[in-house]
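The letter at position 1 of the sequence shown is residue 6 when you use this note's numbering, and the numbering goes up by one with no holes. Think of the CB as a built atom: it goes at the ideal place given N, C-alpha and C, for glycine as much as any other residue. These numbers come from a predicted model, not from an experiment. Scroll down for the structure; my scribbles are underneath it.
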Amino acid sequence: MAEGSQRNSRDSHGQRRGIKRFGGQVVGGGEIIVRQCGTKVHPGENVGMGRDFTIYAKVAGVVEFNDRSHKKFVSIKPLV
């Protein structure tokens, strides 16, 4: 009746994707802001995007999320 229960018990670990720093938080240069598959969030000012679509800060500053033309953008307002 419970045949196969041992064979079906595998699962993969989570990928730990998502937003790592939220709007208003202070980040340093090179710090990861978003881990994602594809461009759910697009890079804005003072922000770079890696080959795996990871969005990271290019300068130290405050994180800002914006909606422009039906797309989400993240940018960094530099600390002065």
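Neighbourhood of residue i by C-beta, 7 Å cutoff - its chain only, sequence neighbours within 5 removed
i     : result
Phe58 : Gln41, Cys42, Gly43 and Thr44
Ile37 : Lys25, Thr59 and Tyr61
Burial state of residue i (16 or more Cβ within 10 Å)
i     : result
Pro83 : exposed
Val31 : exposed
Where the beta strand (DSSP E) through residue i begins and ends
i     : result
Ser80 : Lys76 to Pro83
Ala62 : Ile60 to Ala62
Arg40 : Ile37 to Arg40
Asp72 : Gly66 to Arg73
His18 : His18 -> no beta strand (DSSP E), and no H or E assigned at all.
Gly53 : Val52 to Met54
Same chain, Cβ closer than 6 Å to residue i, five either side skipped, listed in chain order
i     : result
Ala65 : Gly33, Gly34 and Leu84
Lys77 : Val46
Member of the options whose CA lies at the smallest distance from the CA of residue i
i     : options                : result
Gly53 : Gln11, Glu69 and Val79 : Val79
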